[in-house]
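First comes the structure, then the notes that go with it.
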Amino acid sequence: MFIVKVPGINGEKSQGCERTGNAILESLREIYSNEQGIPIDVDLLDLEEIHLDNSNLKLTNELIYENSLETFEAKPRTIFLGGDHSISYSIVRAFLDNCRNLKREPCLIVFDSHPDCLFSKEKYPNNREWLRKLIEKGFPEENILLVGTRNIWKDEIKFLKENKIKTLSISNLTDDLHEMCDTIMEFSNGKELYVSIDIDVIDPVFAPATGYPESCGLSSRQFLYLVQRIKKIKTLRAVDIVEINEKKDEKYDNATVKLGAKVLAELL
């Protein structure tokens with residue numbers, strides 16, 4: 016598994032997220048094996064970092080796109096460590112173009128308590144607008160699945176309905192987690208899969224250090240089960256883990272960073 020640190024931020028509450036990739040990898044040193052019994056040695060991981068200047072959004076997005084496209088062309092599976100959710104815009108654009116080049120069908124599954132589909136006039140969307148902008152850029156709406164949403168703006172509800180974006184709400188998941196896992200796996204069947212993980216899909220009791228925490232989310236145990244199932248999907252190409260705020264997490268004894276490391280461990 017190839018790991019790329021992407022310290023990009025473009026959001027009101029994102030300061031601190033740019034430091035999270037290093038923090039997660041440092042915390043991973045305390046995890047000696049994952050729950051499948053696979054040993055973990057951070058020093059042996061295949062790592063790279065995209066060096067960014069977050070004051071220059073044009074250059075930042077160009078660098079993320081270009082480096083991600085090269086990665087998709089060279090690596091079978093990649094984990095991208097954010098950063099806030101704005102980084103997913105350029106990474107998934109590169110994923111889409113790679114799928115088009117290979118004449119394969121792309122699929123995007125987003126775990127998030129929010130749909131991130133606010134309207135934006137900006138060329139480079141922030142962490143609350145990125146998915147809408149991606150859809151407007153041509154990602155096939157029928158191949159997008161939002162999982163864990165539980166707080167949606169009125170305008171976003173309208174946009175999701177107009178574009179027929181499929182969603183699995185938090186109540187869907189908690190009613191029957193096993194069946195919803197089957198639904199997720201069936202949705203991605205036969206397609207190249209990209210999974211985007213906003214840590215706020217998990218309840219803030221377990222993941223407090225994030226920009227827009229929402230109560231009544233998944234437990235960390237429930238989410239790890241989902242991750243373990245998703246890892247088994249043969250067409251899984253990439254995962255990103257975003258919106259963990261390392262700076263904010265200091266007062267929580269790094270609980271959110273540690274959870275991010277645990278999620279990463281289960282993907283290795």
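In my numbering, the protein residues as written are 16 to 283. Using N, Cα and C, we set each Cβ at its ideal position, and we do this for glycine too. Small disclaimer: the values here were computed from a predicted structure and weren't measured.
Contact check, residue i vs residue j, beta carbons under 7 angstroms
i: residue 281; j: residue 254; result: no
i: residue 65; j: residue 84; result: no
i: residue 224; j: residue 260; result: yes
i: residue 256; j: residue 96; result: yes
i: residue 161; j: residue 130; result: yes
i: residue 180; j: residue 165; result: no
i: residue 248; j: residue 203; result: yes
i: residue 159; j: residue 123; result: yes
i: residue 229; j: residue 128; result: yes
i: residue 208; j: residue 252; result: yes
i: residue 87; j: residue 113; result: yes
i: residue 156; j: residue 187; result: no
i: residue 139; j: residue 72; result: yes
i: residue 31; j: residue 262; result: yes
i: residue 63; j: residue 19; result: yes
i: residue 163; j: residue 126; result: yes
i: residue 272; j: residue 42; result: yes
i: residue 57; j: residue 40; result: yes
i: residue 111; j: residue 132; result: no
i: residue 16; j: residue 239; result: no
i: residue 192; j: residue 237; result: yes
i: residue 200; j: residue 183; result: no
Which of helix, strand or coil DSSP assigns to residue i
i: residue 122; result: strand
i: residue 238; result: helix
i: residue 95; result: strand
i: residue 171; result: helix
i: residue 276; result: helix
i: residue 20; result: strand
i: residue 50; result: coil
i: residue 233; result: strand
i: residue 281; result: helix
i: residue 252; result: strand
i: residue 220; result: coil
i: residue 258; result: coil
i: residue 127; result: coil
i: residue 267; result: helix
i: residue 176; result: helix
i: residue 132; result: coil
i: residue 225; result: coil
i: residue 69; result: coil
i: residue 30; result: coil
i: residue 156; result: helix
i: residue 25; result: coil
i: residue 142; result: coil
Where the beta strand (DSSP E) through residue i begins and ends
i: residue 181; result: 181 to 184
i: residue 160; result: 159 to 164
i: residue 83; result: Careful: residue 83 lies outside any beta strand (DSSP E), inside the alpha helix (DSSP H) at 72 to 89.
i: residue 63; result: 61 to 64
i: residue 57; result: No beta strand (DSSP E) contains residue 57, which DSSP labels as neither H nor E.
i: residue 209; result: 207 to 213
Where the alpha helix (DSSP H) through residue i begins and ends
i: residue 194; result: 192 to 203
i: residue 109; result: 102 to 117
i: residue 38; result: 35 to 43
i: residue 146; result: 145 to 151
With 16 other Cβ atoms within 10 Å as the buried cut-off, status of residue i
i: residue 231; result: exposed
i: residue 143; result: buried
i: residue 258; result: buried
i: residue 89; result: exposed
i: residue 205; result: exposed
i: residue 104; result: buried
i: residue 92; result: exposed
i: residue 215; result: buried
i: residue 59; result: exposed
i: residue 174; result: buried
i: residue 197; result: exposed
i: residue 366; result: Since the first residue of the chain shown is 16 and the last is 283, residue 366 is not available in this structure.
i: residue 134; result: exposed
Residue i at chain B interface by Cβ criterion, 7 angstroms
i: residue 16; result: Given the protein chain composition of this structure (a single chain), no chain B is represented.
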